[in-house]
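What follows is a short report on a single structure.
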Amino acid sequence: MGIESSCDETGVALFDSEKGLLDNSIYSQTKTHQPFGGIVPELASRDHIAVLLPMIKKTLSSNNLSLADLSAIAYTAGPGLIGSLMVGGTLVHALSFGSNLPVIPVHHMEAHLLSPMLEKNAPGFPFLALLVSGGHTMIVEVSGFGQYEILGSSLDDAAGEAFDKVARLLSLPQPGGPSIQKIALNGDPKKYNFPRPLKNKGYNFSFSGLKTAVRLMIQKELESKSNEGIETIRSDIAASFEEAVVDTLVSKCLYALKERDCDKVIIAGGVGANKKLRLKLKLACQAIDKKVFYPRFDFCTDNGAMVAYVGYRRYAQRKKASGPILIRPRWKIDELEKNYKEINNG
Ligand code: KG4
Ligand code: ZN
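In the working numbering, the protein residues as written are 889 to 1234.
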């Protein structure tokens, strides 16, 4: 069983080594946080407490299983919001205490990174991974399971964070990515030539300058217009912003594929659900004979399936019951082999 509770989604899933994914349920807290225009960590923890145990019970009963039928329980130990992580970590350890099941702490970004493995057309190692979520933006060279080298990351805002902040500037509901994608469909992506920060300059990303450029444009355009033209301006700004982010992410992937002489790239994390990004990266990769892999839309954003899958992979290394409750609100992805040696010996 895999439990995800790192941010504002509660996920519970079952993965079987032979049959694959058996069950996957998700509870989104969008409605809880919407009135506040962003995620309120304290409310996120409370929602996880309210829904997690009933979700686990329902998952077991609808599959005619009890805890004793499981091999292990995996949970997201980090990175993420400390209170939300604590809910998953303590509950899973309590279940383990009562049932003697092994507990597997999972790295949230490793779970995103391996989420394309849940698809029929799964990539084989090695590959490059573009990880684009609300908290992280990275290009990672993946040479095997657990072998991750970060080639570049965002120097400031994550890509998803930029979508969320621009959505707020445009008075659109959170999470910002889907809201921007929706109104961008009616807009002209070429109307505003927003900056593409650090494009053609190595592996790192930067999105805060782009966000500032969008903010200044919103002030300039919306202050001078009457109500009639406002919807068009908002759609044009959303479409042009989305275009700038997609253009930057695609060009970084192409650069990395060339520099590292690699033939495949995967996209994962919430922003990986962006339809324009998926399409443009696919077309760009086709043109240079490289392959691109994505998880299905539901597995781009946070979910329990990816945690159950990584739990299954890491289970081979940990067959004993639980150690201390491990929570790592900050946890780098590039030292996991060393970290797991410590965890499994601890
Ligand atoms: O991976 P995720 O669910 O949570 C984190 O680990 O952070 O990513 C959430 C982020 C949010 O910033 C959200 O706005 C963004 O992913 N997102 C999108 C789309 N769907 C979700 N960004 C762009 N286009 C989308 N369709
Ligand atoms: Zn995530």
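All C-beta atoms, glycine included, are put in the ideal place defined by N, C-alpha and C.
Note that the structure is a prediction, hence the values are computed from the model and not measured.
L1169 is the residue among L1002, L1169, T1120 whose C-alpha sits nearest the C-alpha of L1142.
The continuous stretches of alpha helix (DSSP H) do not include Q1062, and DSSP gives it neither H nor E. Restricting attention to A1204, G908, I1106, R1122, the CA atom closest to the CA of M1005 is found in G908. Here DSSP, grouped into helix, strand and coil, assigns F1181 to strand.
Taking the CA atoms as reference points, G976 sits about 15 Å from L989. DSSP, read as helix, strand or coil, puts A1204 in coil.
Distance between V1028 and Y1036, taken at the CA atoms: about 6 Å.
Within 6 Å of the C-beta of D1190 there is at least one heavy atom belonging to ligand 2.
DSSP places G968 outside both helix and strand once states are collapsed to three, so it counts as coil.
Counted as a single uninterrupted DSSP element, the beta strand (DSSP E) harbouring I1154 occupies residues 1152-1156.
Look at A1017 here: in three-state DSSP terms it is strand. When secondary structure is reduced to three states using DSSP, D911 falls in the strand class.
Secondary structure of F903 (DSSP, three-state): strand.
Uninterrupted beta strand (DSSP E) stretches at least 3 residues long and entirely within the segment 1010-1056 occur at 1015-1020, 1025-1032, 1035-1041, given in chain order.
Residue state for A982 is assigned as helix, using DSSP reduced to three classes.
Collapsing the DSSP output to three states places T1120 in a helix. Taking C-beta atoms as the reference points, D1052 and G1064 count as a pair closer than 7 Å. Within the chosen limit of 6 Å, ligand 1 reaches the beta carbon of D1052 through at least one heavy atom. CA-CA distance, P1066 to Y1080, rounds to 20 Å. Judged by DSSP in its simplified three-state form, I1176 adopts coil rather than helix or strand.
Out of G926, G1211, E1230, the CA that lies nearest to the CA of P1061 is found in G926. Membership of E892 in the beta strand (DSSP E) is indicated by the continuous run 890-892.
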